[in-house]
Each structure stands twice: as structure tokens, then as C-alpha cells.
Amino acid sequence: MSSAMETEYPHPYVPTDLRLPGYVPNFLTQTEIVVPYIACSVVVASLVWFFSGRISKISKTDRILMCWWVFTGLTHIILEGYFVFSPEFYKKKVPCYLAEVWKEYSKGDSRYAGRDTAIVIVEGVTSVLEGPASLVAMYAIATGKPYSHTLQLTICIGQLYGCIIYFVASFLDGDNFAKSPFYYWVYYVFANSIWVVIPTMIVVRSWRKISKAFLGENKKRKAH
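Here the sequence shown is numbered in the UniProt record's numbering, starting from 1 and rising by one per residue.
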């Protein structure tokens, strides 16, 4: 009897035959899920921007990058970390904000609700390695560490590699995991494209900075 009760709620995901025994519908609306995430992100980034302004000899570009690294780092650790270590988030019978986020996001990519192996692996690496590394990158920029650009370049390559696996795996599996075009373009395409565009820009910048540093070092050696 209890088993039947657990499966009485139909899920809103595609494909419709995706098996999610014990699924519980969202307690929160889309607005109640998205707005707090954006608001918290803005507050955290604003605090980093404010305090980074008190650091002497740090450019506006680096201050913006500090905001980015704390945003992406906390997103990886908290949001994606929750997904990785909460395989039955869709069964939550009491309101849990992080579970609500993933139930909502799964409307744009049901592989999350279905615990697709490739997704779990990518998110696992992202949350455990890239998340903490992103916060270290912010610290490295703030303190002018010599490994700053090397670390940023490494993290971004990891993020881009994860995005490639994410999109290519979906394409190879038929690219049919979104509830509607709205969720496809806003959740799946737009939200994830942020982690393609910004890391690509950082890769180019850090590559140039590292190359310039090596060029300067070679000139010094030749001068001596």
C-alpha cells in the first residue's frame, strides 16, 4: 500500500516514461525558486565587489573575476554538491529549497531527475574539485599569488570540458529531455552557456597573461 502511495504523483518531465517512484511535486513556484537564487548571487557578488575595492593595486577586471569565482564556486559546492549527494531529491516530502531547485531545473533537463551517469560524474567533479578551486582562485587574485592565472586557466578548461560532455552526451542521446521549448532554451541552453562564454574569455585572458610572463622571463635571460 505504501509503495503505491509513493508513486501516485505523475512527474512533469520528458520522456514521460521516465521512472521516478516516490516523486513529489514542487512545493515552490518557479518565481519562488529562481528569484532567491538570483538575489543571493547578487548579494554575494556585491559584497565581494565592495570588499575587493579596498584592496590596493587590483584592477576592475580582477574585481569582476573575483565576483565570478565566488559565484561559480558557491554554485558548484552548494547547488551542484547537493545534487550529487542527494540522489532522491525528487522524493522530498517537506520543502527543501535545494531539492526544489533541482526538481525545477529537471524540467529543462530530465537527466538530473533520472540520475544520468554522465551527469552525476560531471557534477561530482565540478562540485568536489572545481568548486573549492574557484574559491582558491578568488583568493589568489585578491592576494596577487603567482599561480593565479595558471589556476584560473586550469579550472576553466575543466568547466569547458564538463560543458562539452554535458551537451554532447545530450545530443547523442537524442536531445529530448526538456518539458517545452521555454525550459530548453532558458534552463538548458542559456543557463549553461554562461559556463561556456565566461570560462572561454578567462582562458584567453589567462593564456595571454601566462605567455606574456614567460616572454618577459625569456627576455631577461637573454639580456643576462
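Where is the CB? At the ideal position from N, CA and C, for every residue including glycine.
For clarity, every value in this text was computed on a predicted model and none was experimentally measured.
With 16 other Cβ atoms within 10 Å as the buried cut-off, status of E123: Numbered from its first residue, the sequence shown carries residue 123 at position 123. That one is buried.
Exposure label - P199; buried when at least 16 CB within 10 Å: For the purposes of this step, residue 199 is identified with residue 199 of the sequence shown, where counting begins at 1. So P199 ends up on the buried side.
Beta-carbon proximity check, W69 vs L129, cutoff 8 Å: Here residue 69 refers to the residue found at position 69 when the sequence shown is read from its first residue. Here residue 129 refers to the residue found at position 129 when the sequence shown is read from its first residue. Not a contact, by the Cβ cut-off of 8 Å.
F71, buried or exposed, once every other Cβ within 10 Å from all chains shown has been counted against 16: Your numbering for residue 71 matches position 71 in the sequence shown. Under this definition F71 is a buried residue.
Segments of 4+ residues assigned as alpha helix (DSSP H) that fall wholly inside the stretch 9-59: 30-52
At least 3 beta-carbon pairs within less than 8 Å: the stretch 21-33 vs the stretch 114-123: no
8 Å Cβ cutoff, D173 in contact with chain C: No chain C is present in this structure, which holds just one protein chain.
Delimiting residues of the alpha helix (DSSP H) encompassing T75: Here residue 75 corresponds to residue number 75 of the sequence shown, with the count starting at 1. No alpha helix (DSSP H) contains T75, which DSSP labels as neither H nor E.
Nonlocal neighbours in the same chain, by C-beta distance under 7 Å from E49, ignoring five residues either side: Numbered from its first residue, the sequence shown carries residue 49 at position 49. Before going on, a small fix: residue 49 reads as Trp here, not Glu. Once the five neighbours on either side are set aside, the close Cβ partners of W49 are R63, C67.
Cβ-Cβ separation, L98 to L79 (assumed contact under 8 Å), whole Å: Along the sequence shown, one-based indexing puts residue 79 at 79. Along the sequence shown, one-based indexing puts residue 98 at 98. So it is a contact: roughly 7 Å between Cβ atoms.
Under 8 Å between C-beta atoms of I77 and G131: Taking the first residue of the sequence shown as 1, we reach residue 77 at position 77. Taking the first residue of the sequence shown as 1, we reach residue 131 at position 131. Yes. Within cutoff.
Spatially closest choice to F83 from R54, T61, I210, G114, by CA coordinates: Here residue 83 refers to the residue found at position 83 when the sequence shown is read from its first residue. Nearest C-alpha to F83: G114.
Cα-Cα separation between P87 and V204, rounded to whole angstroms: Within the sequence shown, numbered from 1, the residue matching residue 87 stands at position 87. Within the sequence shown, numbered from 1, the residue matching residue 204 stands at position 204. Using only the alpha carbons, I get a separation of about 36 Å.
Contact check, Y13 vs S170, beta carbons under 8 Å: Indexing the sequence shown from 1 puts residue 13 at position 13. Indexing the sequence shown from 1 puts residue 170 at position 170. Cβ atoms of Y13 and S170: not closer than 8 Å.
For K107, the nearest candidate out of S180, C40, I55 (CA to CA): As a working note, residue 107 is residue 107 in the sequence shown. Measuring from the Cα of K107, the nearest candidate turns out to be S180.
Exposure label - R208; buried when at least 16 CB within 10 Å: Reading the sequence shown from its first residue, position 208 is the one you call residue 208. Counting Cβ neighbours within 10 Å, R208 comes out exposed, since fewer than 16 surround it.
Delimiting residues of the alpha helix (DSSP H) encompassing L172: Here the question's residue 172 lines up with position 172 in the sequence shown. Its alpha helix (DSSP H) spans residues 148-172.
Proximity to E104 [Cα-Cα], best of V44, A178, Y9: As a working note, residue 104 is residue 104 in the sequence shown. Nearest C-alpha to E104: A178.
Rounded Cβ spacing between F27 and E100 (contact assumed at less than 8 Å): Position 27 of the sequence shown, counted from the start, is the residue given in the question as residue 27. Position 100 of the sequence shown, counted from the start, is the residue given in the question as residue 100. Sure, about 6 Å apart at Cβ, within 8 Å.
Residue burial classification, T7 (beta-carbon count within 10 angstroms, cutoff 16): As a working mapping, residue 7 is identified with position 7 in the sequence shown. Per-residue confidence for T7 stands at a pLDDT of 48, beneath the threshold of 50, marking its modelled position as unreliable; no derived number is given.
Nearest residue (CA-CA) to T16, options T154, N176, P36: Working through the sequence shown from its first residue, we reach residue 16 at position 16. Of T154, N176, P36, the residue nearest in Cα terms is N176.
Start-to-end residues for the alpha helix (DSSP H) that takes in E130: The count along the sequence shown starts at 1 and reaches residue 130 at position 130. Run containing E130: none; DSSP gives neither H nor E here.
Sub-8 Å separation of I202 and A142 beta-carbons: By one-based count along the sequence shown, residue 202 stands at place 202. By one-based count along the sequence shown, residue 142 stands at place 142. No, the pair does not count as a contact, with Cβ atoms beyond the cut-off.
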